[in-house]
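Counting with UniProt numbering, you get residues 1 to 504 for the letters of the sequence shown.
C-beta: ideal position from N, C-alpha, C; glycine also.
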Amino acid sequence: MAALCRVRHRWKRTNCIQLITRNLTGTFDYDLVVIGGGSGGLACSKEAAQLGQKVAVLDYVEPSVKGTKWGIGGTCVNVGCIPKKLMHQAALLGTALKDAQKYGWQIPGPISHNWSTMAEAVQNHVRSLNWGHRVQLQDKEVKYLNIKGSLVDEHTVKGLTRTGKEIMLTAKNIVIATGGRPKYPTHIPGAVEHGITSDDIFWLKETVAFGIILFPIWCAGKLTLGCQHPITFSLLCVLQQMAGLVTDYMEAYGTKFSWRSVPKSVDKLSSGALQVTWTDEQTGKDQRDTFDSVLWAIGRAPETKTLGLEKVGVKLNKESGKILVAADESTSVPNIYAFGDIGEGRPELTPTAIKAGKLLARRLAGQTNELMNYDNVATTVFTPLEYGCVGLSEEEAEGRHGKDSIEVYHAFYKPLEFTVAERDASQCYIKVVCKRGGDQRILGLHFTGPNAGEVTQGFAMGFQCGATLTHLKETVGIHPTCAEELTKVNVSKRSGLDATVTGC
Numbered sequence: 001m002a003a004l005c006r007v008r009h010r011w012k013r014t015n016c017i018q019l020i021t022r023n024l025t026g027t028f029d030y031d032l033v034v035i036g037g038g039s040g041g042l043a044c045s046k047e048a049a050q051l052g053q054k055v056a057v058l059d060y061v062e063p064s065v066k067g068t069k070w071g072i073g074g075t076c077v078n079v080g081c082i083p084k085k086l087m088h089q090a091a092l093l094g095t096a097l098k099d100a101q102k103y104g105w106q107i108p109g110p111i112s113h114n115w116s117t118m119a120e121a122v123q124n125h126v127r128s129l130n131w132g133h134r135v136q137l138q139d140k141e142v143k144y145l146n147i148k149g150s151l152v153d154e155h156t157v158k159g160l161t162r163t164g165k166e167i168m169l170t171a172k173n174i175v176i177a178t179g180g181r182p183k184y185p186t187h188i189p190g191a192v193e194h195g196i197t198s199d200d201i202f203w204l205k206e207t208v209a210f211g212i213i214l215f216p217i218w219c220a221g222k223l224t225l226g227c228q229h230p231i232t233f234s235l236l237c238v239l240q241q242m243a244g245l246v247t248d249y250m251e252a253y254g255t256k257f258s259w260r261s262v263p264k265s266v267d268k269l270s271s272g273a274l275q276v277t278w279t280d281e282q283t284g285k286d287q288r289d290t291f292d293s294v295l296w297a298i299g300r301a302p303e304t305k306t307l308g309l310e311k312v313g314v315k316l317n318k319e320s321g322k323i324l325v326a327a328d329e330s331t332s333v334p335n336i337y338a339f340g341d342i343g344e345g346r347p348e349l350t351p352t353a354i355k356a357g358k359l360l361a362r363r364l365a366g367q368t369n370e371l372m373n374y375d376n377v378a379t380t381v382f383t384p385l386e387y388g389c390v391g392l393s394e395e396e397a398e399g400r401h402g403k404d405s406i407e408v409y410h411a412f413y414k415p416l417e418f419t420v421a422e423r424d425a426s427q428c429y430i431k432v433v434c435k436r437g438g439d440q441r442i443l444g445l446h447f448t449g450p451n452a453g454e455v456t457q458g459f460a461m462g463f464q465c466g467a468t469l470t471h472l473k474e475t476v477g478i479h480p481t482c483a484e485e486l487t488k489v490n491v492s493k494r495s496g497l498d499a500t501v502t503g504c
């Protein structure tokens, strides 16, 4: 035993001497080590490798509280954008089947949905993406290490394998792109023991049967697929007026909302059902009901706690736990960079992380000085009635420029697809927020309706070119589409006129 300890001591001492020597001589194992194998980290590592850098990417996923685990690719691929959009498509197809009968399609028997079939197909696609990412890294000669990384100093990363083995890596530059994980309301008794999060919902083999609590409007819409009485207590924080339109639409299609309600506890009954108790803030009275599953979606926390950031001097926002970053994604420690969801003040969106990662790789390789432009990034919430936006909300525009300095144009329109199907279109709405003077530069654009993501993406390019209301009105629309309604908007809120579109 004594001999073994001496051997271990000599190894550690030799290893430390090697690390110190590398730091002093400027020779490192890698040009770049990226901690985090999500969309941003993968984009950064592959771009750097294509520019001739020697790169390693570390990725390790701690299983969720419920034991759910997945492969490389991060939140978007495994428990975010990809499975979300596929399940959104499943919900849209359900509505389309009902509409189809109005269009003459004969559909025998009652329409039903099999969650297990959908889940298996979605999960198989996700696994194919996991495999694809590993192949791409190999093809681009990026070293992939399935280990948990933490910082030792500004040039050294310690990796820990599943078996507890330590691996030391040195690099000229280190990039942190570890993203975040869902929060649990730990102050609520039973929340952790009996609840699940978005880390789990996409990997369920069977649908929840009765209810969901405290999750965004996107989840509520998707889970109406298999729930008899879905219920939600909180909303994703989007523009208030647009959120109201989306929830009105969802209520009409069977999603139940319990407004101004605060959950108090979750208890598991002998039957296996979950009893949820909540307080109605309007009446002050407690209410309770039983559900098969409880899903929490109250925000996400950055994955910073195990990185050893404070030990090496990387500064954090103490309230959010996110890393303080400069415009070039640098941290308070030289040679250490951070971007994506983990960066303070950065949009938690996959495309911004991908682009920011690529630009960072180019700067570190000395190819460019271009910085990521985080202004006017478009996004969409894939609720049953989709909501897309780019730029400022009406409230933000008022706060920055003053109410008298902005003009808001809006319209309620009816998608042609809704007419024969006799679907309610009262929540299909457009809002264009503009500066009041001159050519009326567009500050924000908001859209609820079918294919909001596709519509908003197209108009988002105009923001990069300084789009004005004049530009919008001079654009010839494609008829008949929902997007063309944006080119025809002409009624301002200030006028008080009816904003309902009545014809060409």
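For residue i: DSSP bridge partner residues
i: residue 104; result: Beta-bridge pairing links residue 104 to no other residue.
i: residue 446; result: 389, 431
i: residue 173; result: 32
i: residue 167; result: 159
i: residue 287; result: 278
i: residue 491; result: 410
i: residue 507; result: Look at the range of the chain in this structure, 1 to 504, and you will see that residue 507 is not part of it.
i: residue 506; result: Since the displayed the chain opens at 1 and closes at 504, residue 506 lies outside it and no answer follows.
i: residue 265; result: 277
i: residue 150; result: 158
i: residue 441; result: 468
i: residue 343; result: 323
Residue i - containing alpha helix (DSSP H), residue span
i: residue 249; result: 240-252
i: residue 143; result: Note, residue 143: premise wrong, no alpha helix (DSSP H); beta strand (DSSP E) at 143-145.
i: residue 354; result: 350-364
i: residue 473; result: 469-474
i: residue 139; result: 115-139
i: residue 371; result: First-last for residue 371: undefined, no H or E at that position.
i: residue 383; result: Residue 383 -> no alpha helix (DSSP H), and no H or E assigned at all.
i: residue 419; result: 416-420
i: residue 401; result: 394-401
i: residue 194; result: 191-194
Extent of the continuous beta strand (DSSP E) to which residue i belongs
i: residue 271; result: Here residue 271 belongs to no beta strand (DSSP E), and DSSP marks it neither H nor E.
i: residue 407; result: 406-412
i: residue 503; result: Counting along the chain, residue 503 falls outside any beta strand (DSSP E), and DSSP gives it neither H nor E.
i: residue 181; result: 180-182
CA nearest to the CA of residue i, picked from the options
i: residue 127; options: 169, 139, 72, 93; result: 72
i: residue 431; options: 304, 169, 390; result: 390
i: residue 54; options: 114, 27, 200, 261; result: 27
i: residue 486; options: 455, 464, 502, 503; result: 455
i: residue 134; options: 256, 46, 191; result: 46
i: residue 69; options: 102, 198, 141; result: 198
i: residue 114; options: 204, 152, 31; result: 204
i: residue 120; options: 206, 262, 146; result: 206
i: residue 50; options: 476, 36, 361, 295; result: 361
i: residue 112; options: 293, 325, 98; result: 98
i: residue 501; options: 161, 385, 489; result: 489
i: residue 381; options: 96, 269, 247; result: 247
i: residue 65; options: 141, 196, 324; result: 196
i: residue 104; options: 421, 48, 245; result: 421
i: residue 140; options: 250, 269, 56, 63; result: 56
i: residue 368; options: 375, 376, 359, 374; result: 359
i: residue 59; options: 48, 76, 41, 257; result: 41
i: residue 149; options: 398, 108, 34; result: 34
i: residue 242; options: 444, 475, 498; result: 444
i: residue 130; options: 159, 83, 185; result: 83
i: residue 261; options: 123, 278, 375; result: 278
i: residue 458; options: 437, 202, 434, 484; result: 484
i: residue 77; options: 125, 67, 313; result: 125
i: residue 481; options: 123, 293, 428; result: 428
i: residue 325; options: 158, 38, 176, 39; result: 176
Length at least 3, wholly inside the segment 28-80: the beta strand (DSSP E) runs in chain order: 30-35, 55-58
Segments assigned alpha helix (DSSP H), at least 4 residues, entirely inside the segment 289-329: 309-312
Segment contact, 8 Å Cβ cut-off, at least three pairs: the segment 268-276 with the segment 300-312: no
At least three beta-carbon pairs within less than 8 Å, the segment 325-342 to the segment 278-293: no
Three-pair Cβ contact test at 8 Å for the segment 84-94 versus the segment 175-192: no
At least 3 beta-carbon pairs within less than 8 Å: the segment 312-325 vs the segment 338-355: yes
Segment contact, 8 Å Cβ cut-off, at least three pairs: the segment 438-455 with the segment 412-424: yes
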